[in-house]
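Please read the structure below before turning to the comments.
Numbering (our numbering), first residue to last: 5 to 211.
Structure below.
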């Protein structure tokens, strides 16, 4: 397959959204509500396999996708095979920013404090209710989808899956619940430590 192939999706610099350690994310050039992730790091292929397997299980279970970016399959691009996901946007049409953007600066947290104070515990409840296992919970791997200055929700956009050697959490509800609670406790502890300079966030996490 060459770049002249009409079925090949061309991802270029103007479409670039952001990058993690192993993957880059681009806006889908033909659908503004989708994005495409492509592997750039050595661990990216395994990360994508774990993620795709997890999404297939979630599809079979018929979960709510309210706080999880939905997976739409594979696409051939000029940068190799890509995974296609829902692109989360704010009500005004702008691409939603990561939670790390809103809690990295105390003034941003204060401006959206009411919404964040509801969105953070709501995400915990969602993960437990739907029993969604993440490889890691990080502020940069979830976005705050704004509906207004005081309303919004958190949506996970990365790090879905279970990398345990014996993945009993995929099959036993009590094990999944325990794992999710442990990961959430570590997530909150990291936020409290990393953003100790942010009094508004500290208050939200302590309430």
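Ideal Cβ positions, reconstructed from N, Cα and C, are used throughout, including at glycine. This one's a predicted model, so the numbers in the text were calculated from it and none came from an experiment.
Proximity to residue i [Cα-Cα], best of the options
i, options, result
"residue 206", "167, 32, 109", "109"
"residue 42", "60, 35, 66, 82", "82"
"residue 152", "80, 100, 138", "100"
"residue 32", "18, 44, 192, 129", "18"
"residue 212", "13, 65, 113", "In the structure as shown, the chain starts at 5 and stops at 211, and residue 212 therefore has no counterpart that could be examined."
"residue 160", "171, 68, 79", "68"
"residue 51", "106, 140, 130", "140"
"residue 178", "133, 162, 193, 169", "133"
"residue 188", "131, 171, 61", "131"
"residue 74", "34, 204, 186, 164", "164"
Close beta carbons around residue i, own chain, < 8 Å, minus the five adjacent residues each side
i, result
"residue 124", "158, 208, 209"
"residue 126", "71, 157, 158"
Neighbourhood of residue i by C-beta, 7 Å cutoff - its chain only, sequence neighbours within 5 removed
i, result
"residue 155", "119"
"residue 21", "29, 30, 31, 39, 99"
"residue 77", "88"
"residue 166", "58, 137, 173, 174"
Simplified DSSP state of residue i, which is helix, strand or coil
i, result
"residue 198", "helix"
"residue 79", "strand"
"residue 179", "helix"
"residue 23", "strand"
"residue 84", "strand"
"residue 138", "strand"
"residue 170", "coil"
"residue 115", "helix"
"residue 13", "strand"
"residue 67", "coil"
"residue 91", "coil"
"residue 204", "helix"
"residue 156", "strand"
"residue 164", "strand"
"residue 42", "strand"
Classification of residue i by the beta-carbon crowding that lies within 10 angstroms, buried from 16 upward
i, result
"residue 6", "Any answer about residue 6 is weak, because its pLDDT of 42 lies below 50 and its placement is not dependable; what the coordinates show is given next. The residue in question, residue 6, is exposed, as its Cβ has fewer than 16 Cβ neighbours within 10 Å."
"residue 91", "buried"
"residue 97", "exposed"
"residue 201", "exposed"
"residue 64", "exposed"
Check: residue i C-beta below 7 Å from any heavy atom of the ligand GDP
i, result
"residue 171", "For the ligand GDP, the structure offers nothing, since it holds no ligand at all."
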